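Novice: Below: one structure in structure tokens.
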Amino acid sequence: MRTHQVPAGADGMALGRYIRRAYPMCDAAMLRRALARRDFKLDGVRLGERDAVRAGGELSCYIADEYLLGGPLEVVYRGARVAGVVKPAGLSCQRDAQGLGEDTLEARKSELFGEAYLVNRLYHFTGGVMPVALDAAVRDALLAEFRRHAVDKRYVCQVVGEPALRARLVNYAIKSADEAIVRVYDAPRPGALTMALEYELIGREVLAGGEVARLRVKLETGRTHQIRAQLSHAGLPVLGDDRYGDRAANRAHGATHQRLWCERVAFEGGEFAGLVLEAPAPF
Numbered sequence: 001m002r003t004h005q006v007p008a009g010a011d012g013m014a015l016g017r018y019i020r021r022a023y024p025m026c027d028a029a030m031l032r033r034a035l036a037r038r039d040f041k042l043d044g045v046r047l048g049e050r051d052a053v054r055a056g057g058e059l060s061c062y063i064a065d066e067y068l069l070g071g072p073l074e075v076v077y078r079g080a081r082v083a084g085v086v087k088p089a090g091l092s093c094q095r096d097a098q099g100l101g102e103d104t105l106e107a108r109k110s111e112l113f114g115e116a117y118l119v120n121r122l123y124h125f126t127g128g129v130m131p132v133a134l135d136a137a138v139r140d141a142l143l144a145e146f147r148r149h150a151v152d153k154r155y156v157c158q159v160v161g162e163p164a165l166r167a168r169l170v171n172y173a174i175k176s177a178d179e180a181i182v183r184v185y186d187a188p189r190p191g192a193l194t195m196a197l198e199y200e201l202i203g204r205e206v207l208a209g210g211e212v213a214r215l216r217v218k219l220e221t222g223r224t225h226q227i228r229a230q231l232s233h234a235g236l237p238v239l240g241d242d243r244y245g246d247r248a249a250n251r252a253h254g255a256t257h258q259r260l261w262c263e264r265v266a267f268e269g270g271e272f273a274g275l276v277l278e279a280p281a282p283f
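Just so you know, UniProt numbering puts 46 at position 46 of the sequence shown, and the rest follows in order with no gaps.
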């Protein structure tokens, strides 16, 4: 059982909708049963799925952590000052713009390590390995390594289309005003930022809707939505991507989740030179 204070951004939201936002990894079947049984109390009063939550109220969720959180956070490395964890796809690093998100990577690493710090981010639907600094001095050192591009991050993804065996893509990106989408261009234009990546074809697989390609991607720049937007522009949309991808192909393959994963983070300089964190993709 977990208890928390309902944030202001959730005021008046139906309980079922709120819980799915607050605990995105919650087992769907268990959540349906818990909502039907009214296994939630707001200030001691039981609520049903359509009942509204109230900002500032104390909400108790009577679901075991193994179902509410979808399992424990996987730790692939733990040293004296740095750890490596695996962020599941579908779990946000931090609360959203409305302040919603009781289950986030920030919350989980604090429960696991106490005072600890994330030094990079992965988008909500992108999973993979991430470093965690276990003290403030290491946080500052690792952030400096990221700023000077001394960290080698490798991603793996499944894409629709016909990629080359190897390629380097250079394009130009402009974010929309609300940063909801990135426009990619082949030539420079005012306000556009250069985006570059390299990929290699590492396999082909036959899924429900036919053949897809598996790529390993190395980023040279770190732009918003870069891999998804840039590969889509090249005619290689990431499978399961609803924003930049091919929705018809996603349906044909039954791909309800984005097939993009950070499989490797390697530090190339500084105090932690030689430290490599790895986690294989689950797809």
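Backbone N, C-alpha and C define an ideal beta-carbon position, used for all residues, glycine too.
Predicted, not measured: the structure shown is a model, and the values here were computed from it.
1) For the candidate residues Asp-39, Arg-228 and Gly-90, whose alpha-carbon lies nearest to that of Cys-157?
2) Kindly indicate which three-state DSSP category Glu-263 falls into: helix, strand or coil?
3) Would you list, in sequence order, the uninterrupted alpha helix (DSSP H) runs of no fewer than 4 residues that lie entirely inside the stretch 39-96?
4) Can you grab the Cα-Cα spacing for the pair Leu-143 / Glu-102, in whole Å?
5) If you draw a straight line from the C-alpha of Ala-132 to the C-alpha of Arg-139, how long is it?
6) Under a Cβ-count criterion, where at least 16 other Cβ atoms within 10 Å of its own Cβ denotes burial, should Ala-28 be classed as buried or exposed?
7) List the endpoints of the continuous beta strand (DSSP E) containing Leu-122.
8) In chain order, what residues of the same chain lie with their CB nearer than 8 Å to the CB of His-257, ignoring the 5 residues before and after it?
9) Using only the alpha-carbon positions, how far apart do Thr-194 and Arg-147 sit?
10) Compare the C-alpha of Arg-166 against each of Ala-177, Ala-208, Lys-175 and Val-217 and name the closest.
11) Which runs of the beta strand (DSSP E) spanning at least 3 residues fall entirely within the UniProt domain "Pseudouridine synthase RsuA/RluA-like" (85-233), listed in chain order?
12) Check whether the Cβ atoms of Leu-15 and Val-45 lie closer than 7 Å to each other.
13) Among Tyr-67, Tyr-18 and Ala-36, which one has its Cα closest to the Cα of Met-1?
Specialist: Short version:
1) Taking only the C-alpha atoms, the option nearest Cys-157 is Arg-228.
2) strand
3) 65-68
4) 26 Å
5) Note that residue 132 corresponds to Val in the displayed sequence, not to Ala. Between Val-132 and Arg-139, the C-alpha separation is close to 8 Å.
6) exposed
7) No beta strand (DSSP E) holds Leu-122; DSSP gives it neither H nor E.
8) Ala-89, Gly-90, Phe-125 and Gly-240
9) Near 17 Å, if we compare the C-alpha coordinates of Arg-147 and Thr-194.
10) For Arg-166, the closest C-alpha among the options Ala-177, Ala-208, Lys-175 and Val-217 is that of Val-217.
11) 127-133, 151-159, 166-175, 182-185, 193-207 and 210-219
12) no
13) Tyr-67
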